[in-house]
Amino acid sequence: MGAATELEVRGLDAFYGTSHILHHVDLEVPAGSAVVVLGRNGAGKTTLFRSIMNLGPTVKGSVRLFGKDVTGRPTYGLARAGVGFVPDDRRIYSGFDVVENLRLGNFAKGSRDVEPMTPEEVFAVFPLLERLAGRKGGQLSGGEQQLLAIARAMVARPKLMLLDEPSEGLAPVIVRSLLDAVLDLRERTGMTLLLAEQNVPFAMRVATDVYVVEEGEIVYQGTREAFEADPSIKERYLMV
């Protein structure tokens, strides 16, 4: 028997006003997997993630989380059910220091019987943040804010993590730190991951399975190995 499906999207259409952005999207994220959604800028990756998290678009279709229909459920309810989400705009509190930002992650635990990660546990995975612990969020670089956003989402020990383009605009040295942290988290926790990316080399270091989205439609689905064995997919849908 295969792994249980933690997230299942079926026939998802998404709209902003009269603009039809996503077209009948189907997607599955098995437990323990790292599913990567690749696509050019504007292909629909962020709209997909915001639709799953009920953060703006009007949607048709269904979203099932841990076997339950959560279509249209409030975002805070998804977080308390065990979903961590790091949006593309990070949402770091500029007037709070690193530790204070981390402690905000405690609220996502809800009624789940889990012990939030302590700052010391977080710093074991993100050593750079320990050196920045007393610095205000607004004083951090974009890369440092990204690491903090992911660390904050991990505090409540989510079962499923959604990362929306985490490497976008980051310096190579920060991308390496980010990659190390994501791989470390998966090794330590077995965390299931859904990741949107344009950075194909970064994504391939993490992925078990790959989807490609183009103009709001899924145009490819397969394992990482199958994707890497067929360069025509990358050339057709991902080259700028």
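Numbers in the working numbering are just positions in the sequence shown, counted from 1, shifted up by 3. By construction, the Cβ of each residue, glycine as well, lies at the ideal position given by its N, Cα and C atoms. This structure is a prediction, so every number in the text was calculated from the model and none was measured.
Check                                                                                      : Outcome
CB contact flag (V89, A152, <7 Å)                                                          : yes
Assigned secondary structure, M164 (DSSP; H/G/I helix, E/B strand, else coil)              : strand
Opposing strand residues paired with I221 [DSSP bridges]                                   : V216
The region 54-67 / the region 221-236 touching (three or more Cβ pairs under 8 Å)          : no
Any 3 or more C-beta pairs closer than 8 Å across the region 83-101 and the region 157-164 : yes
Rounded separation between T8 and I221 - CA only                                           : 19 Å
Residues near F126 by beta carbon distance below 7 Å, same chain, minus five either side   : L132, E133
Opening and closing residue of the alpha helix (DSSP H) in which E95 lies                  : Per the sequence shown, the amino acid found at residue 95 is Ile instead of Glu. Here I95 belongs to no alpha helix (DSSP H), and DSSP marks it neither H nor E.
Assigned secondary structure, F18 (DSSP; H/G/I helix, E/B strand, else coil)               : strand
Residue burial classification, D212 (beta-carbon count within 10 angstroms, cutoff 16)     : buried
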